[in-house]
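Position 84 of the sequence shown, counting from 1, maps to 454 under this note's numbering, and the rest follow consecutively.
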Amino acid sequence: MVSSHPQPPLKNLNLGENRLKNLEGINQFTSLDNLDMDKNKIITLALHKPNKIVTLINVSDNHVPKADLESNENKIPKAMAQHFPDIQCGNIDNNK
371 MVSSHPQPPL KNLNLGENRL KNLEGINQFT SLDNLDMDKN KIITLALHKP NKIVTLINVS
431 DNHVPKADLE SNENKIPKAM AQHFPDIQCG NIDNNK
């Protein structure tokens, strides 16, 4: 049965364990606060346009290069801060 009532904006998205290689398309979710992309095959945190909405991201257990995970002066991974400027916290553990 299809509801005629509008759905509330998507705030949390879990795309873990899906063999995804990048984060493209995330900007289509205009209300997204939390993004869980653990246990994929993510090789870059780069986006064509920075995402200024997501505040928490989990990219643990992926293939993000160590250079992208080096922390800036705010102790946030440089690539994460560049492509997700409003990020407040996240998980980058166990990247290969």
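Backbone N, C-alpha and C define an ideal beta-carbon position, used for all residues, glycine too. Please read all numbers here as calculations on a predicted model, not as lab measurements.
Check                                                                                                                                            : Outcome
Are the CB atoms of N421 and N397 nearer to each other than 8 Å?                                                                                 : yes
If I measure Cβ to Cβ from E443 and keep anything under 7 Å in the same chain, skipping five residues before and after, which residues do I get? : none
For A449, count neighbouring Cβ atoms within 10 angstroms of its own Cβ and tell me buried if that reaches 16, exposed if not.                   : buried
List, from N- to C-terminal side, the alpha helix (DSSP H) runs of 4 residues or more that fit wholly inside the stretch 408-440.                : 436-439
Judging by CA-CA distance, which residue of E387, L402, K391 is the nearest neighbour of L415?                                                   : K391
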